[in-house]
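**Q** Numbering (our numbering), first residue to last: 88 to 544. Every residue gets a Cβ at the ideal spot worked out from N, C-alpha and C, and that includes glycine.
(1) From the DSSP output, which residues share a beta bridge with residue 242?
(2) Of the residues 113, 188, 193, 187, which one's Cα is nearest the Cα of residue 166?
(3) Tell me whether the region 509-520 and the region 491-500 touch, counting them as touching only if at least three CB pairs, one residue from each stretch, are closer than 8 Å.
(4) Between the Cα of residue 238 and the Cα atoms of 354, 367, 359, 364, which residue gives the shortest distance?
(5) Between the Cα of residue 384 and those of 336, 371, 90, spot the shortest distance and give me the residue it belongs to.
(6) Look at residue 303 and residue 192 and say whether their C-beta atoms are less than 9 Å apart.
(7) Do the region 211-231 and the region 186-200 meet, that is, are 3 or more Cβ pairs less than 8 Å apart?
(8) Quick check on the DSSP output: the alpha helix (DSSP H) that includes residue 267 runs from which residue to which?
(9) By the three-class DSSP mapping on this structure, what secondary structure does residue 481 have?
(10) Quick one: give me the first and last residue of the alpha helix (DSSP H) that residue 134 is part of.
(11) In chain order, what residues of the same chain lie with their CB nearer than 6 Å to the CB of residue 521, ignoring the 5 residues before and after it?
(12) Reducing DSSP to helix, strand and coil, say where residue 369 ends up.
(13) Please name the residue in 278, 228, 273, 170 whose C-alpha comes closest to that of residue 257.
(14) To which residues of the same chain is residue 266 closer than 7 Å at the C-beta, ignoring the five residues directly before and after it?
(15) Could you give the DSSP three-state label for residue 210: helix, strand or coil?
(16) By alpha-carbon positions, which one of 289, 417, 345, 176 ends up nearest to residue 244?
(17) Since residue 353 is in the alpha helix (DSSP H), which residue starts that stretch and which ends it?
(18) Pick out whichever of 444, 318, 387 has its Cα sitting closest to the Cα of residue 400.
(19) CB-CB under 8 Å to residue 142, same chain, minus the five flanking residues each way: which ones, in chain order?
(20) Can you find the residues in the same chain that come closer than 6 Å, C-beta to C-beta, to residue 423, ignoring five residues on each side of it along the sequence?
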């Protein structure tokens with residue numbers, strides 16, 4: 088068994104306890120950043136006078152060889168490696184001998200793993216931001232191409248008001264934009280270096296922690312050594328961000344799943360993002376979107392798991408925190424799949440314009456009739472009540488709003504005139520909503536322009 092501890096122990100750990108305690112199976116993905124942190128730490132020890140220049144050079148050369156093995160994929164992990172730190176130091180010792188033992192001077196696995204996680208997160212967040220922006224671009228491009236397509240809007244899954252399909256699409260751009268802004272915000276807190284905090288009390292060898300942080304690409308340091316080794320806020324914020332982003336993707340998926348049914352027929356998923364049935368040959372199932380919806384449960388669960396883990400641990404580092412990596416890695420991996428899949432779905436799906444237009448119902452123009460009465464001087468609350476009577480009469484007589492005679496309207500209110508029928512137009516209804524953020528053509532064009540500015544900034 089390879090450990091970085093054990094001098095005060097007389098025997099070996101129980102085999103089951105070893106398996107229970109070891110984290111190498113999942114933290115091996117930290118290998119690259121573990122070496123990166125160790126190279127910077129060796130240089131910091133040299134600058135502090137702890138290592139001679141020749142010693143530091145030999146350690147760094149050894150670590151660079153380890154890094155190349157990791158990069159090539161031929162680094163040999165041993166079953167006796169307890170964790171990634173043990174594995175790297177063990178291999179370094181094989182390459183350069185006992186000098187490898189000096190690398191851990193003034194360092195603990197507590198500040199080492201906290202540094203590794205932050206370095207790893209910084210790299211993965213950059214990749215996820217690119218995928219998020221790519222999805223936003225697909226949404227904007229599709230909205231621009233389908234700018235003038237009208238469709239019914241829904242609340243409570245009931246017909247509500249006519250809107251532009253592009254307006255619906257752009258609603259998800261702004262959800263994703265908030266996700267992007269959240270990422271930019273918490274990424275600043277990820278970029279804080281714990282290295283030099285040691286186990287909990289700080290470093291005793293005069294390291295320049297700010298120079299060390301700069302060398303590793305951090306924006307600053309963690310200012311309290313006890314907090315530095317126990318802080319997992321950067322992971323909680325990542326998991327929270329991932330859960331919210333997942334919820335937005337799940338809502339998008341839910342709309343498209345519903346609209347892809349025969350009952351709606353608004354969209355048809357490309358075969359590349361659908362599956363068939365093992366028994367029913369006619370099926371084209373929206374499994375890509377159902378998995379998006381389903382995997383959001385994982386994202387929420389990962390956040391809940393880590394919140395539960397850290398809620399009651401005492402200061403400072405406790406072994407409970409070994410449970411932090413698996414939910415984090417799973418969330419990062421899951422989002423790494425979800426974002427490009429959703430981009431592909433949006434980019435390739437067929438949009439059935441005829442079905443959307445056919446689904447428009449004059450009942451969705453009831454609010455426009457209420458606004459018509461308001462323009463005649465009727466208070467809105469009274470107008471709302473009067474239009475409710477109009478709708479009820481139409482339902483009783485099985486008539487559309489435009490088929491109800493003027494006399495019937497005037498029996499309900501003398502404010503109605505022949506001009507009311509001009510209001511019963513879907514395009515006119517949509518164009519009336521021209522305030523900032525509305526569904527009128529000019530408002531959607533402005534949204535798209537603002538969105539492109541944000542994407543290009």
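**A** The relevant details are as follows:
(1) Residue mapping note: residue 242 aligns to position 155 of the chain shown, counting from 1. Looking at the DSSP assignment, residue 242 forms a beta bridge with 245.
(2) By 1-based counting over the chain shown, the position of residue 166 is 79. The residue with the shortest Cα to Cα distance from residue 166 is 113.
(3) Judged by pairs of C-beta atoms under 8 Å, the region 509-520 does not touch the region 491-500, as fewer than three such pairs exist.
(4) Within the chain shown, residue 238 is the residue found at index 151, counting from 1. If we check each option's Cα against that of residue 238, 354 comes out closest.
(5) Taking the first residue of the chain shown as 1, we reach residue 384 at position 297. The candidate whose alpha carbon is nearest that of residue 384 is 336.
(6) Here residue 303 refers to the residue found at position 216 of the chain shown. Here residue 192 refers to the residue found at position 105 of the chain shown. Their beta carbons are not under 9 Å apart, which means residue 303 does not touch residue 192 by this criterion.
(7) no
(8) Translated into the one-based positions of the chain shown, residue 267 becomes position 180. Per DSSP, residue 267 belongs to the alpha helix (DSSP H) from 252-277.
(9) Here residue 481 refers to the residue found at position 394 when the chain shown is read from its first residue. Residue 481: helix per DSSP, three-state reduction.
(10) In the chain shown, counting from the first residue as 1, residue 134 sits at position 47. It spans 118-134 - the alpha helix (DSSP H) in which residue 134 sits, taken as one unbroken run.
(11) Taking the first residue of the chain shown as 1, we reach residue 521 at position 434. Once the five neighbours on either side are set aside, the close Cβ partners of residue 521 are 527, 529, 530.
(12) Along the chain shown, read from residue 1 onward, the residue named residue 369 stands at position 282. In this structure, residue 369 counts as coil in the three-state DSSP scheme.
(13) Within the chain shown, the letter at position 170 stands for residue 257. Among 278, 228, 273, 170, the Cα nearest to that of residue 257 belongs to 228.
(14) Reading the chain shown from its first residue, position 179 is the one you call residue 266. Here the set comprises 219, 328, 331, 332, 335.
(15) The count along the chain shown starts at 1 and reaches residue 210 at position 123. Note: residue 210 maps to helix in three-state DSSP.
(16) For the purposes of this step, residue 244 is identified with residue 157 of the chain shown, where counting begins at 1. Nearest option by C-alpha distance: 345.
(17) The residue you call residue 353 lines up with position 266 of the chain shown. Counting along the chain, residue 353 falls outside any alpha helix (DSSP H), and DSSP gives it neither H nor E.
(18) Stepping through the chain shown from its first residue, residue 400 is reached at position 313. Minimum Cα distance to residue 400 is reached at 318.
(19) Indexing the chain shown from 1 puts residue 142 at position 55. Excluding residues within five positions, the ones whose Cβ falls inside 8 Å are 133, 186, 189.
(20) On the chain shown, position 336 is the one that residue 423 refers to. Contacts found: none.
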